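Enquirer:
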Amino acid sequence: MESSRKNEISKGKIQELIEGYAKELLRFLESSSNTIVLTGAGVSTDSGIPDFRSSDGLYSIYDPNRVFDIEYFLTTPSYFYDFARKEILKMISAKPSATHYMLAELEKRGFLKAVITQNIDLLHQKAGSKNVIELHGNVKEAYCLECKTKYDFLKLLRSDDPIPRCEKCGGLIKPNIVFFGESLPENALNKAFLLAKMCDLIIVMGSSLVVHPAASLPLYAVENGAKLLIINKGETPLDHISMRKYECNLKMFSEVVINFLNRKDEND
């Protein structure tokens, strides 16, 4: 009985803390004229997509020096395609989380200029976000490394061919995902840094900020006069320069933000 009561009190305190965070976020957004968000794998874990670097993340199962390494892919593509048929097929069928819907709603209401994402799962677009900058590509398309013919990656993964080859030239087909050892798409990277330069508030959600150059964006924004808000479980290298850091469950936080927005509509 005593244990149950303590749990109820604990849950109540957590809810109160998250409501405080949500109210503060909305105040920050209302006082900002140019807000952008940088998202990482943590925003998609509630959609059933594992992150990469946590103790039970994908890199605890698959060798990161193989699965997304371009040199290894060129010599041993079977390792990636075995991974893709198990994990990326799940990713393609995943549904947006409360966080994806919350960010889409904030953009719709004019609070957000853009979402810059390190994720490849297309869940921001599925939730309704319009201005999405994909730094690491996405799982929708693939292309031949030789003749650049484009393919539907989902169809390739569902085919019987263990290692897809180009129908035109026989070249190896690679998904439109940035592998280690490859440069980020120049257009997306330039857009992201321009957005970071122009914003007055940058919010980091679900990212440990260890993968560069994406992890450099918040610092670049701060150096150009922006404020930084980090919403992430676990430390990041930029915690010390953030004006605020929320360590909380993203799903709970996002649901509270959506609830507050709906209440605001009812009162207006």
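Just so we're aligned, residue 52 is where the sequence shown starts under the numbering used here, counting upward by one. Ideal placement from N, C-alpha and C gives every residue a C-beta, glycine not left out. Owing to the predicted nature of the structure, the values given are computational and were not obtained by experimental measurement.
Taking Glu233 as part of the alpha helix (DSSP H), name the residues at either end of that continuous run.
Expert: What you label residue 233 is simply residue 182 of the sequence shown in a count that begins at 1. Premise fails: Glu233 is in no alpha helix (DSSP H) and is neither H nor E.
Enquirer: Mind checking Lys225: buried by the 16 CB within 10 Å criterion, or exposed?
Expert: Indexing the sequence shown from 1 puts residue 225 at position 174. It counts as buried.
Enquirer: Which same chain residues end up closer than 7 Å to Glu156 when comparing Cβ atoms and leaving out the 5 residues on each side of it in sequence?
Expert: Numbered from 1 along the sequence shown, position 105 holds the residue referred to as residue 156. Same-chain partners within the cutoff: Ile309 and Leu312.
Enquirer: Is the beta carbon of Ile282 closer than 9 Å to that of Ala243?
Expert: The residue you call residue 243 lines up with position 192 of the sequence shown. The residue you call residue 282 lines up with position 231 of the sequence shown. It is not a contact, given that the beta carbons lie outside the stated cut-off.
Enquirer: DSSP three-state call for Asp133: helix, strand or coil?
Expert: Taking the sequence shown and counting its residues from 1, the one referred to as residue 133 is at position 82. If DSSP states are grouped into helix, strand and coil, Asp133 belongs with the helices.
Enquirer: With distances taken between CB atoms, is the gap from Asn170 to Gly91 smaller than 9 Å?
Expert: What you label residue 170 is simply residue 119 of the sequence shown in a count that begins at 1. What you label residue 91 is simply residue 40 of the sequence shown in a count that begins at 1. Against a cut-off of 9 Å, the Cβ pair of Gly91 and Asn170 comes out as a contact.
Enquirer: Run the CB neighbour count on Ser210, radius 10 Å, all protein chains shown included, and call it buried at 16 or more, exposed below.
Expert: Indexing the sequence shown from 1 puts residue 210 at position 159. Classification of Ser210: exposed, given that the 10 Å Cβ count is below 16.
Enquirer: Near Ala247, which residues of its chain fall below 6 Å by C-beta distance, leaving aside the five closest residues on each side in sequence?
Expert: Taking the sequence shown and counting its residues from 1, one reaches residue 247 at position 196. The residues are Leu268, Tyr271 and Ala272.
Enquirer: From Lys164 to Gly221, what does the alpha carbon distance come to, in whole angstroms?
Expert: In the sequence shown, counting from the first residue as 1, residue 164 sits at position 113. In the sequence shown, counting from the first residue as 1, residue 221 sits at position 170. Whole-angstrom Cα-Cα distance: 42 Å.
Enquirer: So which of Thr96, Arg295, Tyr123 and Glu286 has the shortest CA-CA distance to Asp172?
Expert: In the sequence shown, counting from the first residue as 1, residue 172 sits at position 121. When only C-alpha atoms are compared, the closest one is Thr96.
Enquirer: Any idea if Ile139 is buried or exposed, counting beta-carbon neighbours within 10 angstroms, 16 or more meaning buried?
Expert: The sequence position of residue 139 within the sequence shown is 88, counting from 1. Buried: at least 16 other Cβ atoms inside 10 Å.
Enquirer: Quick one: what does DSSP say Met256 is sitting in, helix, strand or coil?
Expert: Translated into positions along the sequence shown, residue 256 becomes position 205. Strand, per DSSP.
Enquirer: How about Phe304 and Ile69: are their beta carbons less than 9 Å apart?
Expert: Within the sequence shown, numbered from 1, the residue matching residue 304 stands at position 253. Within the sequence shown, numbered from 1, the residue matching residue 69 stands at position 18. Cβ atoms of Phe304 and Ile69: closer than 9 Å.
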